[in-house]
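Notes to accompany the following structure.
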Amino acid sequence: MSEPDGRFDGPPKPTSEKMFNAPLPVVLIALSMPVLFFFQLQLPDMGADMAFAPSDLQEGRWGGLLTAMLLHGGWTHAVMNAVGALAFGAPVARLFGDRIGPTVFLLFYIGCGVFAALGYGLIHWGSTEAMVGASGAVFGLIGGATRLMGGRGRVLKLFDRRVVSASIAWMVVNAVVGLIGYAPGADGARIAWEAHAFGFLAGLLAIGPLARAFGKGPLDRPADGAESEI
Numbered sequence: 028m029s030e031p032d033g034r035f036d037g038p039p040k041p042t043s044e045k046m047f048n049a050p051l052p053v054v055l056i057a058l059s060m061p062v063l064f065f066f067q068l069q070l071p072d073m074g075a076d077m078a079f080a081p082s083d084l085q086e087g088r089w090g091g092l093l094t095a096m097l098l099h100g101g102w103t104h105a106v107m108n109a110v111g112a113l114a115f116g117a118p119v120a121r122l123f124g125d126r127i128g129p130t131v132f133l134l135f136y137i138g139c140g141v142f143a144a145l146g147y148g149l150i151h152w153g154s155t156e157a158m159v160g161a162s163g164a165v166f167g168l169i170g171g172a173t174r175l176m177g178g179r180g181r182v183l184k185l186f187d188r189r190v191v192s193a194s195i196a197w198m199v200v201n202a203v204v205g206l207i208g209y210a211p212g213a214d215g216a217r218i219a220w221e222a223h224a225f226g227f228l229a230g231l232l233a234i235g236p237l238a239r240a241f242g243k244g245p246l247d248r249p250a251d252g253a254e255s256e257i
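If you read the sequence shown in our numbering, its first letter stands for residue 28, the second for the next number, and so on.
Listed below in structure tokens is the structure:
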């Protein structure tokens, strides 16, 4: 987090929300990951038909953009994503409130996941290598939470120093882990770090307009006369 003296202490920590006090939609999404993986293990093909490969886009098969986030490559993969969703989803869900908030939060989560898979597919156009996991959607939650850090319920401006510094840190760590090719739970599989980046970008950009339309808290607005940011 960026301090007044310009120091940067690494990627942002979630706001003071406690995981055991997370909103119900966040808890349900987190719990769904290990539960769905249990049922995935019962399938003859381990859910391979529901995975997403970039070549699907060429052949007009778009369903994998959504269904791939319901699958995982192992128990560790599923649990890690569940913990990430629980930790970073709580402040985002609370921003949208209780009336239509759960619906907005769910659409935000799904939208980030679909955008992450689509970005991955465009970069690796034509590849038949399948991708599974909710990591892109979880990184969308991280992107949204990044603009809530230190905002006390407000969405910070996109180019706020804290947001920029934290975003750079997240993407550096993401790229390094992806290029090294090692992460707990990956089990030797290729890490789709590009999907993480697209999911993060989707969450970072979408949280502002959604907060204006549905948020229960004020935005961190610029001074009078200044142009507003996303």
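Every residue gets a Cβ at the ideal spot worked out from N, C-alpha and C, and that includes glycine.
- prompt: Between Val141 and Leu93, is the Cβ-Cβ spacing less than 8 angstroms?
  reply: yes
message: Can you check which of these residues, Val119, Val54 and Gly90, is closest to Val106 by C-alpha distance?
response: Val54
message: For Arg188, report the span of its alpha helix (DSSP H) as first-last.
response: Arg188 to Ile207
message: On the CB-based measure, 16 or more other CB atoms within 10 Å of its CB, does Phe79 come out buried or exposed?
response: buried
- prompt: Does the separation of the CB atoms of Ala49 and Ala143 fall below 8 angstroms?
  reply: no
- prompt: Among Leu231, Pro52, Asp83 and Leu51, which has the Cα closest to the Cα of Trp152?
  reply: Asp83
- request: Could you tell me how far apart the beta carbons of Gly263 and Ala229 are, in whole angstroms, since I believe they sit closer than 8 angstroms?
  value: Because residue 263 is not part of the residues shown, which for the chain are 28 to 257, the question remains open.
field: Pair within 8 angstroms by beta-carbon distance, Gly138 and Ala233
entry: Taking 8 angstroms as the cut-off, the Cβ atoms of Gly138 and Ala233 count as close.
task: Taking Ala49 as part of the alpha helix (DSSP H), name the residues at either end of that continuous run.
output: From DSSP, Ala49 is part of no alpha helix (DSSP H); its letter is neither H nor E.
message: Gly242 and Gly122 - do their beta-carbons sit closer together than 8 angstroms?
response: One point to set straight first is that residue 122 is Leu, not Gly, in the sequence displayed. Yes, they are a contact pair.
field: Distance between Trp197 and Gly90 (C-alpha atoms, nearest Å)
entry: 29 angstroms
message: Just to confirm, is the Cβ distance from Ala112 to Met158 under 8 angstroms?
response: 8 angstroms or more divides the Cβ of Ala112 from the Cβ of Met158.
task: Could you have a look at Met176 and say whether DSSP puts it in helix, strand or coil?
output: In the structure shown, Met176 sits in coil (DSSP, three-state: anything other than H, G, I, E or B).
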